[in-house]
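What follows is a single structure, written as structure tokens, with notes after it.
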Amino acid sequence: MSVIQLEPVILFDANMYIVDGDKPVLVDSGTGFKAEANIEAIMKILDGRELEAIVLTHRHFDHVGGAAAIAAATGAKIYAGEADAVPLREGDSASTMGLEFGGTIPEMDVIGLHEGDIIETGTHKLRVMETPGHTIGSICLLDEVEGALITGDTLFVNGVGRFDLPTASREELVRSIRRLQETPAKSMHPGHGPVFHGDPREQAALGLRMLGEML
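Numbering of the sequence shown is given in the numbering used here, commencing with residue 444 and proceeding in unit increments.
Have a look at this one:
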């Protein structure tokens, strides 16, 4: 498996993943409170290769706070779903929940992603799936080579993303998880918690049952 998980440096950091290849891609960047340690871990994995891109699954600070520092250290370009790229470009520390985490984010150059976009690492092809619900611009990434599904905070092992935060929507989250239930994959790599080595459609079905019980 060429999706490599970086262990969170601090409690509130989201999971970070490197999708390997000639042009490695980092998915999510943590809060940035311990950016130096994360950069050191990334450099160790890259072993002399350059980081091509940083792809952010959604706007929340525990996923995006370290992006600017990692981009500055590596020269990588930053990508996010277009609707969530906007507050990152503006350095909006309120709607990204930076203030709630006790931090701020700078204005940053972010390339917007849309449904069906492909991010290539040289070995892997990551297809962008727009999956709003946790935030309006949330995305998931499907590795079309190995079948890894990176779900951000849309879907967890035995859990679903919150839908009581700004720009969130339970109805959109239900629709997004229904999409994931129809997406064949071989593993699931969520924004928090453990990786699921198995068909993620099982977790999507469980998530829909949980959402039904939350009515």
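Glycine is no exception: its CB is placed at the ideal position from the N, C-alpha and C atoms.
In the three-state scheme derived from DSSP, where H, G and I count as helix and E and B as strand, residue 537 is classed as coil. Across the structure, residue 572 and residue 559 are spaced so that their CA atoms are roughly 6 Å apart. Relative to residue 473, the option among 639, 541, 586 whose CA is nearest is 541. Residue 483 sits exposed, since fewer than 16 C-beta atoms from the chains shown fall within 10 Å of its C-beta. Scanning 447, 634, 621 for the CA closest to the CA of residue 644 turns up 621. Secondary structure note for residue 457: it is in no beta strand (DSSP E), with a DSSP letter that is neither H nor E. Contact check for residue 510 and residue 499: beta-carbon distance about 6 Å, within the 8 Å limit, so the pair qualifies.
Around the Cβ of residue 550, a 10 Å sphere holds fewer than 16 other Cβ atoms; the residue is exposed. In this chain, the alpha helix (DSSP H) harbouring residue 530 covers 525 to 532.
Contact check for residue 574 against residue 612 fails: the beta carbons are separated by 9 Å or more.
Rounded to whole angstroms, the gap between the alpha carbons of residue 475 and residue 513 is 9 Å. Here residue 606 carries a coil assignment [DSSP, helix/strand/coil]. For residue 602, the closest alpha carbon among the candidates 649, 467, 576 is that of 649. Collapsing the DSSP output to three states places residue 619 in a helix.
Annotated three-state conformation of residue 565 is coil, per DSSP. Residue 536 sits away from residue 592, with the two beta carbons spaced by 9 Å or more. As computed with DSSP, residue 586 is found in a beta bridge with 569.
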